[in-house]
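Reading through the structure tokens given below for one structure.
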Amino acid sequence: MANINTVKFLAPLFLIILITIIVLTNISYRKVTQEVVSQGKSNSTILGNISANSSLPVYVVGSQQLLKSINNAFISVGLSPPVMSISIQQLQQTPNDSIIIVDWNYVNSSIVKSDSSNIIILNLSSNIVNELSMLIRRGDLVTIFANATYSKVAEFLLGYAWARASNEVAMIDFPDSNPYFFSIPLVPLNSQEAVLFVAKWVRPGGFIIGPVYLSQFPEFYINLLLGLGQQGNAGISGNDPLDPCYAAYENFTSGNSPTATATKENYTFFWAAPEFGSTFPQYGIPGYSDGNGTFYWDTCIEVPHGIYTSLSVSSMVINNVIGYESYLESPTMYNNSGREEQQTSAIDYYYGYQMYEKGNNNAFIIEPGGNLYGTSWFPAPTSETSGYSISIALGSGLPTVSVGITVPIGSEHIGGSANPMKTINVGGTMVYIDNITWVFNFEGSSVSGKAFSNEFLDNTPPTIILPNFSPTSYSIKNYSVTFNVDFSNYALTCYIPRARTTPLFTYESIWTNVNWYLVIVPQSSSLANVTGVTGLFLSSQWPNSYVSGVSSGSNYPDWNYSSCTG
């Protein structure tokens, strides 16, 4: 019997995902339940120059109701591509580079071996899995339409099918099976809303996978017609600040099309924006948009595969932890005398150590010092600046890439703290586990149609401690480690000065809490495979949005906002 390897994924609120890989081709998935909070706006769709009579067909294995819903989604944005119903047996008859949508209900019985109240067991030797692998191998965009109960299973299935298609064989101890090595973005979803999980192989080793709501699918379709990575000029207007993750990825891959994971020699680059289906990843992920403006965020990391052992302490490093956030002020907010006030960003290793102490993970991250602003944590605090840059030194001998930020008007104040913080003894040395926080104060700046942006970086490098790692018995134990990257934006969306008394104003806070989860599979005493997952602590009251929460109000609750327009 093969070894049993268990990985725990901790998600927000009451959500815990447990994936258990068991013998041969059976995969067990614990069902997911979740409770989430919030309210929503739909994302705008970018039509580019795509004509309404585009002839690229969409092939659907599913019900007539699903076909009708897909057609309606296209019609709502002025498109009418052929949406054609086919059977599972006809999949191989479709041309290469097709767009395929498969309704989970039509393949469930062929893939699910058992479905108890807690565990779903998949048959990965099913012909359906072979079909999906074949479609991915020949370049198709393959999509599974599933409700929240089976969304994680569908997402895993596509990841496995790609791994089989691209022959990404894992060096994990599965003597009785044919294992595959891959990562998937585990994204908590609105339990009431079905979703499309899209997957496409970007050769040679890249993979795009992620959730797309049905209303967003036409935008994804448009992107394919424009050509992956050829999206044009849309995105943040005004300053068009460049997302540092996009710049780092371009440097790491020499300009390859954006994917969530890229490996070069013994380094892997993990990037959130492609996981969350960002149409224009050079500007980040459009997390939330309303009449006041649009909030963008992004995060990425680069991880070398080396394991280092000294004084009986084994560790790995993360070369770079990078974050980016931006708020694009709308003309409406500007006309209401609104003001961009403050952004807060954080890299929270302290949270990861708490998960380690609770037994949810078996590794944790440390820092060598308690205050490294300006030496390893960037930007450094300053009383006033009109702009700054961060320099990202990537592995594998690549040149350093520098990305600058310019305040669109006036200046900003940057503050920093490392709290909460904990000191522990590792191998006889006192080290720090901290929550690195930046506070960016714009102090009431306002420019119509301009973006207020900030970026941040930890290149200490942060160190992953692998407790009880044995260089002589390295295959016995796999490791998991987690930490958070957090973002928030606070703006006064309407501001009414009043003589000799307190002004009236409305405010809006938007925040996103992102969880990085890494799985480390030692291959030798000095080398490991690493997979990376970004999970988003989502609020489902805002469907089609990628934020954890939004709150708004005024300093006078009885005010009816009559002086504010829009």
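When we follow the working numbering, the leftmost residue of the sequence shown carries the number 1, and every step to the right adds one. Heads up, the beta-carbon is just placed ideally off N, CA and C, and yes, glycines get one too. Model, not experiment: these values are computed from the prediction.
Next on the checklist: Considering only their Cβ atoms, is the gap separating G395 from D434 smaller than 8 Å?
Outcome noted: no
Checklist entry - Within this structure, are the beta carbons of V58 and P81 separated by less than 8 Å? => result yes
Checklist entry - Residues in its own chain within less than 8 Å of I99 by CB, not counting five upstream and five downstream? => result L56, P57, V58, Y59, D140, L141, T143, Y221, L224
Checklist entry - Apart from the five residues on each side of it in sequence, which residues of its chain come closer than 8 Å, Cβ to Cβ, to E302? => result A248, F252, Y267, T268, F269, F270, I318, N319, N320, L394, G395
Item to check | Cβ neighbours of D103 in the same chain (closer than 7 Å, five flanking residues each side left out) | outcome: Cβ-Cβ distances below 7 Å link D103 to V61, G62, S63, L66, F145 in the same chain, with the five nearest sequence neighbours on each side left out; the list follows chain order.
Next on the checklist: Tell me the rounded alpha-carbon separation between L228 and P274.
Outcome noted: At L228 the pLDDT is 40, less than 50, meaning the model places this residue with poor confidence and gives no usable figure here.
Checklist entry - Beta carbon of N362, beta carbon of G352: below 8 Å? => result In this structure, G352 does not lie closer than 8 Å to N362 by Cβ.
Next on the checklist: Whole angstroms are fine: how far does the CA of Y479 sit from the CA of F217?
Outcome noted: 36 Å
Checklist entry - Which whole-angstrom value describes the C-beta separation of T506 and S554, a residue pair presumed to lie in contact below a C-beta threshold of 8 Å? => result 5 Å
Item to check | Coarse secondary structure for Y351, derived from DSSP in three states | outcome: helix
Checklist entry - Would you say the stretch 419-427 touches the stretch 447-455, given that touching needs at least three Cβ pairs under 8 Å? => result no
Item to check | DSSP three-state assignment for Q343, whether helix, strand or coil | outcome: strand
Checklist entry - So what does DSSP say about E325, is it helix, strand or coil? => result strand
Checklist entry - What is the DSSP secondary structure of S126, counted as helix, strand or coil? => result If DSSP states are grouped into helix, strand and coil, S126 belongs with coil.
Item to check | E340 to T482 span [Cα, whole Å] | outcome: Roughly 32 Å separates the two Cα atoms.
Item to check | Sequence-distant residues of its chain with Cβ nearer than 7 Å to S69 (five each side left out) | outcome: Around S69: L214.
Checklist entry - Are the stretch 293-300 and the stretch 326-333 in contact at 8 Å, needing three or more beta carbon pairs? => result yes
Checklist entry - If you draw a straight line from the alpha carbon of P379 to that of I464, how long is it in whole angstroms? => result 23 Å
Checklist entry - G221 by DSSP, collapsed to three states: which one? => result Before going further, note that residue 221 is Tyr rather than Gly in the sequence given. Three-state result, Y221: helix.
Checklist entry - Can you tell me where the alpha helix (DSSP H) with E250 in it begins and where it stops? => result 244-253
Item to check | Distance between beta carbons of S312 and L466, contact taken as under 8 Å | outcome: That pair is no contact at about 11 Å.
Item to check | 7 Å CB neighbourhood of Y556 in its chain, flanking five on each side removed | outcome: L504
Item to check | Assigned exposure category for G410 - 16 Cβ within 10 Å defines buried | outcome: exposed
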